[in-house]
Amino acid sequence: MTEAFPNGFIWGVATSAFQIEGAHDIDGRRLSIWDTYAEQPGFIADGSNAKVACDHYHRYAEDIGLMKSLGVGAYRFSIAWPRILPTGRGAVNTAGLDFYDRLVDALFAAGIAPWATLYHWDLPQALEDEGGWTNRSTVDAFVEFTDAVSERLGDRVTHWMTLNEPWCASVLGYAQGDHAPGKRSWPDALVASHHLLLSHGRAVPVIRQNAPRAKVGIALNVSECEPASPSEADQIAARQFDGELNRWFLDPIYLGRYPQDVIEYHEREGRLLDGMHFVKPNDLDEIKAPIDFLGVNHYSRAVVRSAKIPEAENEPRTIAVPDPAKRTDMGWEVYPEGLTHSLVRLHTDYRPGSLVVTENGVAYATGPGPDGSVQDTRRCDYVKSHLRACLAAIDAGVPLHGYFLWSLLDNFEWGFGLSKRFGIVWVDFETQERVIKASGHMYRRIIQNNKLPEERAA
Ligand code: FCB
0 MTEAFPNGFI WGVATSAFQI EGAHDIDGRR LSIWDTYAEQ PGFIADGSNA
50 KVACDHYHRY AEDIGLMKSL GVGAYRFSIA WPRILPTGRG AVNTAGLDFY
100 DRLVDALFAA GIAPWATLYH WDLPQALEDE GGWTNRSTVD AFVEFTDAVS
150 ERLGDRVTHW MTLNEPWCAS VLGYAQGDHA PGKRSWPDAL VASHHLLLSH
200 GRAVPVIRQN APRAKVGIAL NVSECEPASP SEADQIAARQ FDGELNRWFL
250 DPIYLGRYPQ DVIEYHEREG RLLDGMHFVK PNDLDEIKAP IDFLGVNHYS
300 RAVVRSAKIP EAENEPRTIA VPDPAKRTDM GWEVYPEGLT HSLVRLHTDY
350 RPGSLVVTEN GVAYATGPGP DGSVQDTRRC DYVKSHLRAC LAAIDAGVPL
400 HGYFLWSLLD NFEWGFGLSK RFGIVWVDFE TQERVIKASG HMYRRIIQNN
450 KLPEERAA
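For the sequence shown, the positions run 0 to 457 when numbering that gives the first Met the number 0 is used.
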């Protein structure tokens, strides 16, 4: 297998607004559901919040400098809805838009292409007060937000992603309660998932109108789902989880329909109170709006068993990684083959035309050693093995055009707070000092050479 990437391969890093910006009450920003969630005692594992996070709102120029020194060609960031439309809809807060205007200009000056995600989970709290994603009118609000942002930035942002991981936003947020808004209702989660998909479909033509030359896509969390044993029951469970996680989103976007077996599964589980009542005529046509690329966020695989975990009735039937050596700080299994399999499967089943890994990376806590450098060898190995998995997919004929490492900076990892470090740049959250980790230096060399480093003989 070749170790070199195709010419023009896009090398990027990814972040999201809530996780890095801080400046929670600056320039007219109002609360998002994640601000509210983080205020609940016990909801954030380490008791931290994102009021300051990486203070990127004030340090974006320094952070772009870091990206430039890494040699990345593209930066995936998200736009905080509560900065632009602080109560979700209505009057545009120009000061909020100005920040992204400055950011995009500074990226251009550094020769870095801006890839913007519109929704990376920070729904304005005012909309949640009206039901959030369970309320169909949130779709209209998202279209307003999309219009305001793409009108202002559409002349410069080259790539747009409507949503980040609608499975997380709906299932983790509304069924499992592990993400904001922290609800525990499957029926609500499925309604929310449909409204998220509809928001995506309706945003696409708005972006095309405001940014005719830009490419439009969506970022989905796609994982390979494997049965925990060869038993028939586990195989069925794996297929069901694949349906819930992957096909429930991919089928509407690419095939214009929800998968029938997954509808039936949700019905049997009592998750659909009144069938698919929330799907109105034409919704699926709108959701199927042609897009230019599929963004794939990939970290691990799901190993699924038929029995539910008794103590957590809303939890998926996935099991923990048996081999501790393969567990990351998130408890996720290091399984690079899963990335190849997922990419090949997406290409085979949905033919997206262009695929981009919009997130891949790993949490390990490794910090500065006595000399101040951060020797995160395990992250280096993770990144190399996953890039090799990308090459295997390219060799198999997958039109994979880019890779975004999650994440540029250690940041606020949602319900885990500041304790899980995904960055290739270390952040000291007391002083805001940044240190490029060994993985960052390695990534720079990979980008420079457009190929993986030679492996030393063992
Ligand atoms: C993804 C999210 C991203 C980050 C990584 C670790 O699900 O999109 O914001 O939290 O996981």
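Backbone N, C-alpha and C define an ideal beta-carbon position, used for all residues, glycine too. Note that the structure is a prediction, hence the values are computed from the model and not measured.
According to the Cβ coordinates, are residue i and residue j closer than 7 Å?
{"i": "residue 392", "j": "residue 399", "result": "yes"}
{"i": "residue 75", "j": "residue 11", "result": "yes"}
{"i": "residue 14", "j": "residue 124", "result": "no"}
{"i": "residue 88", "j": "residue 22", "result": "no"}
{"i": "residue 344", "j": "residue 227", "result": "no"}
{"i": "residue 215", "j": "residue 159", "result": "yes"}
{"i": "residue 373", "j": "residue 295", "result": "no"}
{"i": "residue 443", "j": "residue 181", "result": "no"}
{"i": "residue 187", "j": "residue 133", "result": "yes"}
{"i": "residue 327", "j": "residue 361", "result": "yes"}
{"i": "residue 120", "j": "residue 168", "result": "yes"}
{"i": "residue 66", "j": "residue 111", "result": "yes"}
{"i": "residue 223", "j": "residue 330", "result": "no"}
{"i": "residue 178", "j": "residue 135", "result": "no"}
{"i": "residue 410", "j": "residue 53", "result": "yes"}
{"i": "residue 43", "j": "residue 148", "result": "no"}
{"i": "residue 406", "j": "residue 428", "result": "no"}
{"i": "residue 3", "j": "residue 279", "result": "no"}
{"i": "residue 190", "j": "residue 277", "result": "yes"}
{"i": "residue 424", "j": "residue 404", "result": "no"}
{"i": "residue 381", "j": "residue 389", "result": "no"}
{"i": "residue 143", "j": "residue 209", "result": "no"}
With a threshold of 6 Å, establish whether the CB of residue i neighbours any heavy atom of the ligand FCB.
{"i": "residue 222", "result": "no"}
{"i": "residue 164", "result": "yes"}
{"i": "residue 418", "result": "no"}
{"i": "residue 169", "result": "no"}
{"i": "residue 305", "result": "no"}
{"i": "residue 15", "result": "yes"}
Near residue i, what residues of its chain come up, given a Cβ to Cβ distance below 6 Å and the 5 sequence neighbours on each side ignored?
{"i": "residue 440", "result": "none"}
{"i": "residue 94", "result": "26 and 27"}
{"i": "residue 8", "result": "none"}
{"i": "residue 346", "result": "397"}
{"i": "residue 353", "result": "292, 398 and 400"}
{"i": "residue 245", "result": "221"}
{"i": "residue 6", "result": "none"}
{"i": "residue 452", "result": "none"}
If I measure Cβ to Cβ from residue i and keep anything under 7 Å in the same chain, skipping five residues before and after, which residues do I get?
{"i": "residue 256", "result": "250 and 283"}
{"i": "residue 145", "result": "117, 202, 205 and 206"}
{"i": "residue 290", "result": "203, 215, 216 and 217"}
{"i": "residue 60", "result": "105"}
{"i": "residue 375", "result": "363, 365, 436, 437 and 438"}
{"i": "residue 85", "result": "27, 28, 29, 92 and 123"}
{"i": "residue 126", "result": "87, 137 and 140"}
Note down, in chain order, each residue of its chain lying with its Cβ closer than 8 Å to the Cβ of residue i, except the 5 sequence neighbours on either side.
{"i": "residue 325", "result": "332, 333 and 334"}
{"i": "residue 446", "result": "10, 69, 70, 71 and 72"}
{"i": "residue 286", "result": "196, 197, 199, 200, 251, 252 and 255"}
{"i": "residue 379", "result": "437, 438 and 441"}
{"i": "residue 184", "result": "173 and 174"}
{"i": "residue 371", "result": "434"}
{"i": "residue 457", "result": "Because the pLDDT of residue 457 is 48, which lies under 50, any placement of that residue in the model is unreliable, and the number read from its coordinates should be weighed accordingly. Here the set comprises nothing."}
{"i": "residue 384", "result": "333 and 335"}
Touching by the beta-carbon criterion (3+ pairs, under 8 Å), the region 153-160 and the region 102-117: Because the criterion of three Cβ pairs below 8 Å is met, the region 153-160 and the region 102-117 touch.
Three-pair Cβ contact test at 8 Å for the region 226-239 versus the region 165-174: When C-beta atoms of the region 226-239 are compared with those of the region 165-174, fewer than three pairs fall below 8 Å, so the two segments do not count as touching.
Complete runs of the alpha helix (DSSP H) confined to the region 249-332 [at least 4 residues]: Counting whole runs of 4 or more residues, the region 249-332 contains the alpha helix (DSSP H) stretches 259-267 and 282-286.
The region 260-273 touching the region 286-302, judged by at least three CB pairs closer than 8 Å: No contact exists between the region 260-273 and the region 286-302.
Complete runs of the alpha helix (DSSP H) confined to the region 33-97 [at least 4 residues]: Qualifying alpha helix (DSSP H) stretches, in chain order: 55-69 and 80-83.
Any 3 or more C-beta pairs closer than 8 Å across the region 38-51 and the region 414-423: Output reads yes: the region 414-423 touches the region 38-51.
Secondary structure, beta strand (DSSP E): runs of 3+ residues fully inside the region 140-187: The qualifying runs are 158-163.
Alpha helix (DSSP H) segments (min. 4 residues) lying fully within the region 338-402: Unbroken alpha helix (DSSP H) stretches of 4 residues or longer found wholly inside the region 338-402: 376-394, given in chain order.
Completely contained alpha helix (DSSP H) runs for the region 96-145, where each covers 4 or more residues: The region 96-145 contains these whole alpha helix (DSSP H) runs: 124-127.
Entirely enclosed beta strand (DSSP E) segments - the region 405-435, minimum 3 residues: Fully enclosed beta strand (DSSP E) runs of 3 or longer: 424-426 and 433-435.
Uninterrupted beta strand (DSSP E) stretches inside the region 191-247 (no shorter than 3 residues): Runs found: 214-220 and 224-226.
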